[in-house]
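Q: Line order of the protein sequences matches chains A and B. Each residue of the first sequence is one higher than the last, beginning at 720 in this note's numbering. Each residue of the second sequence is one higher than the last, beginning at 720 in this note's numbering. Provided herewith is a single structure, encoded as structure tokens, for subsequent inquiry.
Number of protein chains: 2
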Amino acid sequence: MFLHSCVPDFEPRNQLNFRLQATDGKARVGIVETDHGLLETPAFMPVGTQGSVKAIEQRELLAVGTQILLGNTYHLYLRPGTEVIEAAGGLHKFIGWSKPILTDSGGYQIFSLSDLRDVEEDGVTFRSHLDGSTHVFTPESVILIQRKLGSDIIMVLDECAPFPCDVGYAVRSNGLTLRWAERCKEAFEKEPARYGYSQALFGIVQGGVHAGVRQQSARTLVSMDFDGYAIGGLAVGEPVDQMYEMTALCEALLPADKPRYLMGVGTPENLLESIERGMDMFDCVLPTRNGRNANLFTRCGSINIRNAAYKTDFSPIDPECPCYACTNFTRAYLRHLFQAGEILALQLATIHNLSLYFWLMREARAAILEKRFREWKQQTIAGLRRNQMVFS
Amino acid sequence: MFLHSCVPDFEPRNQLNFRLQATDGKARVGIVETDHGLLETPAFMPVGTQGSVKAIEQRELLAVGTQILLGNTYHLYLRPGTEVIEAAGGLHKFIGWSKPILTDSGGYQIFSLSDLRDVEEDGVTFRSHLDGSTHVFTPESVILIQRKLGSDIIMVLDECAPFPCDVGYAVRSNGLTLRWAERCKEAFEKEPARYGYSQALFGIVQGGVHAGVRQQSARTLVSMDFDGYAIGGLAVGEPVDQMYEMTALCEALLPADKPRYLMGVGTPENLLESIERGMDMFDCVLPTRNGRNANLFTRCGSINIRNAAYKTDFSPIDPECPCYACTNFTRAYLRHLFQAGEILALQLATIHNLSLYFWLMREARAAILEKRFREWKQQTIAGLRRNQMVFS
């Protein structure tokens, strides 16, 4: 018995539709159309690794402005298992979310979470971080799993090279990633969608911080004609200037009529700088994880709400923020909740930090439409940097 | 700066108004009027010990049907401290809750949580469970703290006798509790309310499971004329039949025109049996704590949602429940959230279990008004007992 249907009553399309609406320099405003609805770009995707964004309900995700959720193939495959989600009729139904979902391929998680891994041409053998059991992901199996998950946007399997890595490693790793991308595309075209709505496939540009490798990766992927292009392997420890440099380098080679997704980025400032460099989509655990660690973003700088300075501060977290936390509770109460170890602290901090990220995206879109992005970005970053904290 | 005013714009009353609306046998339906609004009895009070009911937002407490919250003097005095709450303008403003609040006196917590305690005629010296610091509660100080907290209903300081305790201990302990009750009443009359709305004072009947001591306790408290009467020292390990026996014994001596509050009770079945014995108000951590431990109450028995039986059970927790969890998510998803350690599991389980408790209270009131309480109670308990689990 299902509670509600998530399948829209129109025919699936063959390709993801991306409408570019305006540009201001390289910054872009657009709309990505999926069978589960639209997402306005620049778009931020809250991270729902295991089918839930930590400490926030689905109705609250909608309320703060979420248009697309990110799930993770590696995690969902291991638990609850693809077969459970398939039996539910796909991930949307399983988690009670009727808007778009993008699933990461699991490549990044295999390289960051699993105990042992053995990368070969055919695929990667790894041990589950949960129980040590052995599993194999191939480009074909990862596509099959994501077909069964039913995500609106599927990511190819890639190898995420570490930072630092030498150019030799980057070249070999990127070669494998490109051959896997080709196999993913073939598997994607062969394997039908399961639930009556269409799914799109994004390629992932790798190459570390090596300009030549990045360029070769981007050119080759573009020649394969994906529905969109992600830039992976950044925000993994490299200096921020190198991240921006690689982003700009890739952007120059990616087609204007496809969405560009900068994976795993980042701070509010990182998002604005990357939007300026032509990026359209982002995901990051920062707003939710930092929130759970009492780090709250505000329009006037970040604060650690555990600080004694807030003990009797009866003002809102951010006086300009219209979120539930800011319009109903004070800094002093939030501080108390964190000090007392109350779960409500995590809930309110998550609602607020995500609200701030979505405010940032809305303002960015408006500024681009009005051709004042750079000026707005500079003012906004100046505000965000007040009381700036280090985010590790 | 305050976000909103919690002080209603009418004159404080001198006494708590309780309107008895109907009876069915000893079961009663009534309305308690406070300056922060009404509560319909029988009433369940979610436990917000530290100024938050664990894992649920204030707006969700309202949505599930909460009419009065319970806070704890011992905990709030220690953290964030009375002075912080006083600076906020009282507990309602501090926690963003504009409906009634009852604060427990802290007696029970001193005897169950603090490391060391020294009970003397004047009061009790104890060590904080947080940092080992030494504090003294006297009847007068506990009233003063609760005046500053600004709770709508204040509880007297009592000694909660352990179970088992011999009759000699019960007599001595009850003697002290009664002398403290007298001093609380005097302090309450002397110490003015702080925030422009009235507060009521409840006495607490003690006496363990010794009939004579209970009766003497009840008679003496009634002669002191409190705004309402609590029955304390039950649900502390005694057989459930003794709990019901003591409840009935006290009920016979308490005035019909004052609310009766059975402290710390209990399971859904305990609530219905106690309502039948004339009780009006209840508080218990069971729905919230059990929810966080994956024990979900349903109209057809309790379930441990972690059970493998629910792995692909795509039905709601309770098909008859109108709560957010039941109308949007499945048992399989809830199970996955618990297995994956997601905070959302705690949130949804809390919303559901509290919703079930408030459904029980609404149905109980309706059954009493329609003079069919006993029949409804028997049917409902039969349902609740299916798949019955042991709650420790």
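Note that the Cβ used here is the ideal one computed from N, Cα and C, for glycine as well. Bear in mind that the values here come from a model prediction, so they are computed numbers and not experimental data.
Find the residues of chain A that neighbour B/R913, judging by a C-beta separation of less than 8 Å, and give them in chain order.
A: Going along chain A, no residue has its Cβ under 8 Å from B/R913, so there is no contact; the nearest lies around 16 Å.
Q: Evaluate contact between the stretch 781 to 793 of chain B and the stretch 756 to 772 of chain B, counting only Cβ atoms and requiring at least three cross-stretch pairs below 8 Å.
A: yes
Q: Which whole-angstrom value describes the C-beta separation of A/T822 and A/M874, a residue pair presumed to lie in contact below a C-beta threshold of 8 Å?
A: 7 Å
Q: Quick one: using the 10 Å Cβ neighbour count with 16 as the cut-off for buried, is B/V1109 buried or exposed?
A: Bear in mind that a pLDDT of 43 at B/V1109, under 50, signals an unreliable position, so the model cannot answer this.
Q: Closer than 7 Å between beta carbons: that is the criterion. Which residues of the stretch 795 to 807 of chain B meet it against chain A?
A: R798, P799, V803, A806, A807
Q: Can you tell me which of the three DSSP states A/T742 falls into?
A: Taken through DSSP and simplified to helix, strand or coil, A/T742 comes out as strand.
Q: Which partner residues of B/L789 appear in the DSSP bridge assignment?
A: B/V766, B/L821
Q: Quick check: is the beta carbon of A/A774 nearer than 8 Å to any beta carbon in chain B?
A: Chain B, which has a Cβ nearer than 8 Å to the Cβ of A/A774, makes this yes.
Q: Look at A/L1103 and A/P958 and say whether their C-beta atoms are less than 8 Å apart.
A: no
Q: Find out if the Cβ-Cβ distance for the pair B/L863, B/I804 is shorter than 8 Å.
A: Taking 8 Å as the Cβ cut-off, B/L863 and B/I804 do not qualify as a contacting pair.
Q: Please work out which residues of its chain come closer than 7 Å, Cβ to Cβ, to A/Q934, disregarding the five sequence neighbours upstream and downstream, and give them in chain order.
A: L968, L972
Q: To the nearest angstrom, how far is the alpha carbon of A/C725 from that of A/G756?
A: Per-residue confidence for A/C725 stands at a pLDDT of 48, beneath the threshold of 50, marking its modelled position as unreliable; no derived number is given.
Q: Using 10 angstroms around the beta-carbon of A/S993, count the other beta-carbons present and answer buried if the total reaches 16, otherwise exposed.
A: buried
Q: Please confirm whether A/D946 and A/L735 have their CB atoms less than 8 Å apart.
A: yes
Q: So, does the CB of A/L1128 fall closer than 8 Å to a CB anywhere in chain B?
A: Only positions 720 to 1111 of chain A appear in this structure, which leaves residue 1128 of chain A out of reach.
Q: Pop quiz: A/I950 and A/L981 are said to be a contact at Cβ under 8 Å. What is the actual Cβ separation, rounded to whole angstroms?
A: 5 Å
Q: For A/K1112, return the contacting residues in chain B, with the cut-off set at a CB-CB distance below 8 Å.
A: Nothing about residue 1112 of chain A can be reported from this structure: the residues present for chain A run from 720 to 1111 only.
Q: Is A/S833 near A/H811, with beta carbons less than 8 Å apart?
A: It is not a contact, given that the beta carbons lie outside the stated cut-off.
Q: Please name the residue in A/P761, A/P799, A/Y796, A/E802 whose C-alpha comes closest to that of A/G784.
A: A/P761
Q: Interface residues of chain A around B/I820 at Cβ under 7 Å?
A: Result: empty, since nearest Cβ-Cβ is about 14 Å, beyond 7 Å.
Q: Quick one: complete beta strand (DSSP E) runs, 3+ long, within the stretch 1009 to 1071 of chain A?
A: Here no run is fully enclosed.
Q: Does B/N1047 come within less than 8 Å of chain A when only Cβ atoms are used?
A: yes
Q: Measure from the C-beta of B/I994 to each C-beta in chain A and report whether the shortest distance is under 8 Å.
A: no
Q: Tell me the DSSP secondary structure of A/F845 in three-state form.
A: strand
Q: Listed from N- to C-terminal order along the chain, which residues in the stretch 1047 to 1063 of chain A have their beta-carbon within a distance smaller than 9 Å of any beta-carbon of chain B?
A: N1047, F1048, T1049, A1051, Y1052, R1054, H1055, L1056, Q1058, A1059, G1060, E1061, I1062, L1063
Q: With DSSP collapsed to three states, give me the class of A/G952.
A: Residue state for A/G952 is assigned as coil, using DSSP reduced to three classes.
Q: May I have the straight-line CA-CA distance separating B/Y1076 from B/A1101, to the nearest angstrom?
A: Approximately 16 Å, taken between the alpha carbons.
Q: Considering only residues of the same chain and omitting the five flanking positions on each side of A/I1036, which have a CB-CB separation below 7 Å?
A: L1015, T1017, A1044, C1045, R1050, L1053, H1071
Q: At a Cβ threshold of 8 Å, is B/F717 touching chain A?
A: What the structure shows of chain B is the stretch from 720 to 1111, and residue 717 of chain B is not part of that stretch, so it cannot be assessed.
Q: Kindly indicate which residue of A/R1008, A/R1105, A/F1092 has the alpha-carbon position closest to the one of A/K745.
A: Among A/R1008, A/R1105, A/F1092, the Cα nearest to that of A/K745 is on A/F1092.
Q: For the alpha helix (DSSP H) containing B/F830, name the first residue and the last one.
A: 826 to 832
Q: For A/F882 versus A/G956, is the C-beta distance shorter than 8 Å?
A: yes
Q: Can you pull the DSSP bridge partners for B/V838?
A: B/V843
Q: Please name the residue or residues paired with B/R979 in a DSSP beta bridge.
A: B/Y948
Q: Identify the residues that DSSP records as bridge partners of A/I872: which are they?
A: Residue pairing for A/I872: DSSP places it in a beta bridge opposite A/L821, A/A919.
Q: With DSSP as the reference, label B/E908 as helix, strand or coil.
A: helix
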